[in-house]
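Participant: Heads up: the sequence lines are chains A and B, in that order.
By the numbering used here, the letter at position 252 of the first sequence is numbered 252, and the numbering carries on one by one without gaps.
Here the numbering used here = 1-based position in the second sequence + 1000.
We put the CB at the ideal spot given by N, CA and C, even for glycine.
Just so you know, these numbers come straight off a predicted model, no measurement behind them.
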Amino acid sequence: MAQTSTLPPVLRESGQREVFCGLTSIVWLHRRMPDAFFLVVGSRTCAHLIQSAAGVMIFAEPRFGTAILGERDLAGLADANEELDRLVGDLLARRPEIRTLFLVGSCPSEVIKLDLAKAAERINTRMQGRVRVVNYSGSGIETTFTQGEDGALTSLVPLLPSNPEPQLLIVGTLADGVEERFLSLFARMGLETVRTLPPRQSTDLPPVGPGTRLLLAQPFVADTVRALERRGAQRISAPYPLGVEGSCAWMAAAAAAFGIDPERVAAVLDPLAERGRRALEPLRRKLEGKRLFLLPDSQLEIPLARFLHRECGMELVEVGTPYLDRQLMAEELPLLPEGTQLSEGQDVEKQLERIRASRPDLVVCGMGLANPLEAEGFATKWSIELVFSPIHGCDQAADLAELFARPLNRRELLQWN
Amino acid sequence: MELTLWTYEGPPHVGAMRIAASMEGVHYVLHAPQGDTYADLLFTMIERRDRRPPVTYTTFQARDLGGDTAELVKRSIQQAVDRFKPEALLVGESCTAELIQDQPGSLACGMDLGVPVVSLELPAYSKKENWGAAETLYQLCRGLLKSQVPAPGTARPGPERWKEEKRRPRVNLLGPSLLGFRCRDDVRELRGLLADHGIDVNVVAPLGARPADLIRLPQADANLCLYPEVAGPLCSWLERNFGTPVVRTVPIGIGATAQFLRELCALLGLEPPELREADQRSRLPWYSKSVDSTYLTGKRVFIFADATHAIAAARIASRELGFTVVGLGTYSREQAREVRAAAKELGLEALISDDYLEVEQAMAEAAPELVLGTQMERHSAKRLGIPCAVISAPLHVQDVPARYAPQMGWEGANVIFDSWVHPLMMGLEEHLIGMFRHDFEFVDGHLSHLGGASAPAAQPVAAPVNEVPEVTPLSATPEGGALRWTASGEAELSRIPFFVRGKVRRNTEAYANERGVAEITEETLYEAKAHFSR
Ligand code: SF4
Ligand code: SF4
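(1) Compute the Euclidean distance between the alpha carbons of residue 400/A and residue 239/A, then round it to the nearest angstrom.
(2) Does residue 1384/B get closer than 7 Å to chain A when you measure Cβ to Cβ?
(3) Using a C-beta to C-beta distance shorter than 8 Å, which residues of chain B count as neighbours of residue 456/A?
(4) Residues of chain A with CB closer than 7 Å to the CB of residue 1100/B, please, in chain order.
(5) Give me the DSSP bridge partner(s) of residue 1027/B.
(6) From the DSSP secondary-structure annotation, give me the bridge partner or partners of residue 224/A.
(7) Any idea which residues DSSP pairs residue 1500/B with across the strands?
(8) Please classify residue 1524/B: does DSSP put it in a helix, a strand, or coil?
(9) To which residues of the same chain is residue 163/A closer than 6 Å at the C-beta, ignoring the five residues directly before and after it?
(10) Using 8 Å for Cβ pairs, my map puts residue 1144/B next to residue 1211/B. What's the rounded Cβ distance?
(11) For residue 13/A, name the three-state secondary structure that DSSP assigns.
(12) Does the beta carbon of residue 1002/B come closer than 7 Å to any beta carbon on chain A?
(13) Going along the stretch 8-32 of chain A in order, which residues come within less than 7 Å of chain B, judged by CB to CB distance?
(14) Taking any Cβ of chain B, which residues in the stretch 323-345 of chain A have a Cβ under 8 Å from it, in chain order?
(15) Whole-angstrom Cβ separation of residue 355/A and residue 293/A, contact assumed at under 8 Å?
(16) Within 10 angstroms of the Cβ of residue 1223/B, are there 16 or more other Cβ atoms? Answer buried if so, exposed if not.
(17) Using a Cβ-Cβ cut-off of 7 Å, state whether residue 43/A counts as contacting chain B.
(18) Classify residue 113/A as buried or exposed, calling it buried when 16 or more other Cβ atoms lie within 10 Å of its own Cβ.
(19) Is the closest heavy atom of ligand 2 to the C-beta of residue 45/A under 6 Å?
(20) When every heavy atom of ligand 2 is checked, does at least one fall within less than 6 Å of the C-beta of residue 1109/B?
(21) Alpha carbon to alpha carbon, how far is residue 274/A from residue 328/A?
(22) Closer than 9 Å, Cβ to Cβ, to anything on chain B: give me those residues from the stretch 147-162 of chain A, in chain order.
(23) Does the pairing of the stretch 1049-1060 of chain B with the stretch 163-177 of chain A give three or more beta-carbon distances under 8 Å?
(24) Applying a beta-carbon distance threshold of less than 7 Å, which residues of chain B neighbour residue 127/A?
(25) Using beta carbons (cut-off 7 Å, strictly below), is residue 1037/B in contact with chain A?
(26) Just how far apart, CA to CA, sit residue 1377/B and residue 1360/B?
(27) Within the continuous beta strand (DSSP E) that includes residue 365/A, where are the two ends?
(28) Please name the residue in 1389/B, 1072/B, 1484/B whose C-alpha comes closest to that of residue 1524/B.
(29) For ligand 3, is there any heavy atom lying closer than 6 Å to the beta carbon of residue 146/A?
(30) Rounded to the nearest angstrom, what separates residue 396/A and residue 129/A at their Cα positions?
(31) State yes or no: is the C-beta of residue 1036/B nearer than 6 Å to some heavy atom of ligand 2?
(32) Does any residue of chain B bring its CB to less than 7 Å from the CB of residue 375/A?
(33) Step through the CB atoms of chain B and report whether any lies within less than 7 Å of the CB of residue 52/A.
(34) DSSP state of residue 137/A, grouped into three classes?
(35) Assuming contact is defined by CB atoms lying nearer than 7 Å, are residue 1125/B and residue 211/A in contact in what I supplied?
(36) Where does the unbroken beta strand (DSSP E) through residue 1200/B begin, and where does it stop?
Dropping the structure here:
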């Protein structure tokens, strides 16, 4: 995958951002690990953000909550620490099923320098192993949207047992069904020892060691990768498993890292790729030549743009990303077509002006912007759906493309006379 | 520090956003980190607004904190003014910015922007959304009207000055805002109602008003405080400073609408409204009197909402529909006194809480047949298998209907009748279900389009039940005693129609607990039934 393409200089912007903070990732992480609880230490704003981002309120007692700081907590840190200990004690007494407690820092807790690492230590000692307490920050002054997952996973790394044996470790949350599918495909290639971080049970942590090779399911886990590398693991460089091409390359890279006979790999992947491309065909016809503008949001923008261009024939007007991690995008960037305009960071007003000027056929954006853009005549796709839906893998490629085709189809369907 | 899982109200700056977004020509610069931009979706998704709320966020980051965040604030303010050319500018901060004390309001005031600037101080760690909305509306109006305030001791024009001025009387409609419950439709309904009585609307605020409209507020003969959560402080201030009298009766329901008209007409020196107006204009009185409604008698309702809607609902339920109110409460602490008084009239103690779990528990203990609440209670009621109608914010997108569905005035009463009674069963149908309950249609799994079972071939008679309980009975009573149902008890329970089964189960368990019975047999169930039907 050593193609190089020439990309114009990245547009770096530092105006108003319109991206959620890292707390948002609690919305999917708590579902991934049903024995864990995420306790945000923050303000009413933080509680309201999670509630609004989750959109639905299906759980009587969800496995996340916010310890809302009050004026008294701000008056003295000693009090705040004491209060936090009390609140955690009550919570754990009420919810005995919790095995891992994530203390999640927010902007207010960071600004007042409430030391959640110390708090975690204190509570760990007190709980004597009944519950494991870890901490990370999901604050909006340090993290965007999906980066919260990176923080959560990084906080688990010190707890992973050591094991030097060879194994493949998939890093980043995948939908359960998609994950199972990948595991069975890897097994068919003869790759048996495949583990995942995050695991499905917070207590069922995968080991790590010099034999561990990391395969990234998501592009936003940079800190986790660094922490795992410090424990001897090595990263496999691969594109992300979106679309047929990305998914095959991703699986093939893993197989290659373990020295599996390429023919055996091809025997597994070729029929899949063939079927995946066939399923994509009608969607490609729909999307071909359509112009796409991606606003920075989930950090999935670059791999998505690659898929939508190369496999669906879309033209890329602008590909925004909250931050550009060149190392983790090393296999993706060369696959973008020549001349693709990347933008990093955001100045939302200017970006909207560029949208109005370039009149794309489809805009990928956050929920706050979707209806206003629709009202201006643009078809939109909310990016948040992409982190909740099973979109990874060859079998999912057509479903992924369909998410982008649907708004366009819908516009053609509706008639008013 | 307080543990919160779901909250009724957002932080106070979201209240300020509601005011800014409700109005035209107002822009709000909010010193806040990027994550706080989530609040835009409340307006664009829940309210389905076709434009972004008029808010510029500074979205400062950790790396800005070492440097000059004040510069960032000033830049954001200047850019917002240049770009949006507002007629009035609100400047404030969210919880995080409050801690770093850049004082964006004072920065803005020192900037010579050429627009009126209102600096908002909304304490994020002690106040909430509705307070923030009320404070913002008040500060904005105060800021714009300061110079007009007559000197103390100046004679105030009376509410009947319209007669001397040879014009129709005119009033302000204060409080309707975005993310409030059905405000858009309430305004339309009230405009019609007032027009019928020869009363003009001077200004509606904040919904749809411009800053220039606020400057005309003192020209009204009276202020109608429609949503005290939002308009209370403003109405009091206008009363104190401009002498504008306030009508505080909220016209939701037949009795309250009639009372509202009587008060308003008396105040303005108009003919009192005709007594028959309610019967002529609304169907609620007749529908409630018709025989079909007999089955509504004594239905147990549990009410939890903002104060405005909780108080109104209690009055309608108890007096106009013949329900028995078994629980009444609010999350609006600022209006707790009024809700307590309303509860006391019904022989209840009001539940004042913003902990939805406490509300859910009170709901379960009250064993109501209908819940009137917010989105939160809708979910609690669903879990408990009790029908529910939403009557108040916090809302979900489905509570902002496309059709005209006010709560206030005569049409509002019609809407209320339909939307509360619909989740219950039609009287005749309840009777039929009693007769046919052993028929095949009532076999479990044939009952609900929600229950996940295969769709029934023919819709059972009970189909109008909207919120078919996905029966998830409390496995233990609130007291937590360990109870066992015997086979005979379970068998008998399964013969009870699904829609009351949850309640029968709870009642029986409560009864068994009370008696110290550990095993529930068929007999226990009937004893409990006899006990509760007394
Ligand atoms: S379950 Fe229904 S009411 Fe509740 S949030 Fe979801 S869609 Fe809205
Ligand atoms: S940006 Fe900061 S204050 Fe706002 S919700 Fe996120 S963590 Fe909380």
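Facilitator: Reading off the structure:
(1) What you label residue 400/A is simply residue 400 of the first sequence in a count that begins at 1. What you label residue 239/A is simply residue 239 of the first sequence in a count that begins at 1. Taking the straight line joining both Cα atoms gives about 16 Å.
(2) What you label residue 1384/B is simply residue 384 of the second sequence in a count that begins at 1. Answer no: the Cβ-Cβ gap between residue 1384/B and chain A never drops below 7 Å.
(3) This structure leaves residue 456/A out entirely; chain A is present only between 1 and 417.
(4) Position 100 of the second sequence, counted from the start, is the residue given in the question as residue 1100/B. Going along chain A in sequence order, the residues near residue 1100/B (Cβ under 7 Å) are 111.
(5) Against the second sequence, residue 1027/B aligns to sequence position 27. Per DSSP, 1089/B.
(6) In the first sequence, counting from the first residue as 1, residue 224/A sits at position 224. Residue 224/A pairs with nothing; no bridge assigned.
(7) For the purposes of this step, residue 1500/B is identified with residue 500 of the second sequence, where counting begins at 1. DSSP, once it has assigned bridges, lists no residue as partnering residue 1500/B.
(8) The residue you call residue 1524/B lines up with position 524 of the second sequence. Residue 1524/B falls in the helix class under three-state DSSP.
(9) Sequence index remark: in the first sequence, residue 163/A carries index 163 (1-based). Annotation for residue 163/A: 207, 209 place their beta carbon closer than 6 Å to its own, counting only its chain and skipping 5 residues before and after.
(10) Taking the first residue of the second sequence as 1, we reach residue 1144/B at position 144. Taking the first residue of the second sequence as 1, we reach residue 1211/B at position 211. Contact flag correct, Cβ pair sits at about 6 Å.
(11) As a position in the first sequence, residue 13/A is number 13, starting the count at 1. Under the three-state reduction of DSSP output, residue 13/A falls in the strand class.
(12) Indexing the second sequence from 1 puts residue 1002/B at position 2. Taking a beta-carbon distance threshold of 7 Å, residue 1002/B counts as an interface residue toward chain A.
(13) Within the stretch 8-32 of chain A, the residues whose Cβ lies closer than 7 Å to some Cβ of chain B are 16, 17, 18, 19, 20, 21, 23, listed in chain order.
(14) Taking 8 Å as the cut-off between beta carbons, none of the residues of the stretch 323-345 of chain A comes near chain B.
(15) Within the first sequence, the letter at position 355 stands for residue 355/A. Within the first sequence, the letter at position 293 stands for residue 293/A. Contact holds; Cβ gap of about 6 Å.
(16) Counting from one through the second sequence, the residue named residue 1223/B turns up at place 223. By the neighbour-count criterion, in which 16 or more other beta carbons inside 10 Å mark a residue as buried, residue 1223/B falls on the buried side.
(17) Translated into positions along the first sequence, residue 43/A becomes position 43. Answer yes: the Cβ-Cβ gap between residue 43/A and chain B drops below 7 Å somewhere.
(18) For this step, residue 113/A is matched to residue 113 along the first sequence. By the 10 Å Cβ count, residue 113/A comes out exposed.
(19) Looking up residue 45/A in the first sequence gives position 45. It does: the Cβ of residue 45/A is within 6 Å (strictly closer) of some heavy atom of ligand 2.
(20) Indexing the second sequence from 1 puts residue 1109/B at position 109. No, the beta carbon of residue 1109/B sits no closer than 6 Å to any heavy atom of ligand 2.
(21) Taking the first sequence and counting its residues from 1, the one referred to as residue 274/A is at position 274. Taking the first sequence and counting its residues from 1, the one referred to as residue 328/A is at position 328. Those two C-alpha atoms are separated by around 28 Å.
(22) Flagged: no residues at all.
(23) When Cβ pairs closer than 8 Å are counted between the two stretches, the stretch 1049-1060 of chain B is seen not to touch the stretch 163-177 of chain A, the count staying below three.
(24) Stepping through the first sequence from its first residue, residue 127/A is reached at position 127. Residues of chain B passing the Cβ test: none, with the nearest at roughly 17 Å.
(25) Your numbering for residue 1037/B matches position 37 in the second sequence. Output row for residue 1037/B: interface = yes.
(26) One-based indexing of the second sequence puts residue 1377/B at position 377. One-based indexing of the second sequence puts residue 1360/B at position 360. Roughly 7 Å separates the two Cα atoms.
(27) Walking along the first sequence from the start, residue 365/A turns up at place 365. Run containing residue 365/A: 362-365, per the beta strand (DSSP E) assignment.
(28) Against the second sequence, residue 1524/B aligns to sequence position 524. The closest CA to that of residue 1524/B, considering only 1389/B, 1072/B, 1484/B, is found on 1484/B.
(29) Although ligand 3 was asked about, the structure shown includes only ligand 1 and ligand 2 as ligands.
(30) As a first step, residue 396/A is located in the first sequence; it is residue number 396 there, counting from the start. As a first step, residue 129/A is located in the first sequence; it is residue number 129 there, counting from the start. Rounded to whole angstroms, residue 396/A and residue 129/A show a C-alpha spacing of 40 Å.
(31) As a working mapping, residue 1036/B is identified with position 36 in the second sequence. Checking the Cβ of residue 1036/B against ligand 2 gives yes.
(32) For the purposes of this step, residue 375/A is taken as the residue at position 375 of the first sequence. Interface residue, yes.
(33) For the purposes of this step, residue 52/A is identified with residue 52 of the first sequence, where counting begins at 1. Chain B, which has a Cβ nearer than 7 Å to the Cβ of residue 52/A, makes this yes.
(34) On the first sequence, position 137 is the one that residue 137/A refers to. Strand at residue 137/A.
(35) The residue you call residue 1125/B lines up with position 125 of the second sequence. The residue you call residue 211/A lines up with position 211 of the first sequence. Not a contact, by the Cβ cut-off of 7 Å.
(36) Counting from 1 along the second sequence, the entry for residue 1200/B is found at position 200. First-last of the beta strand (DSSP E) with residue 1200/B: 1200-1205.
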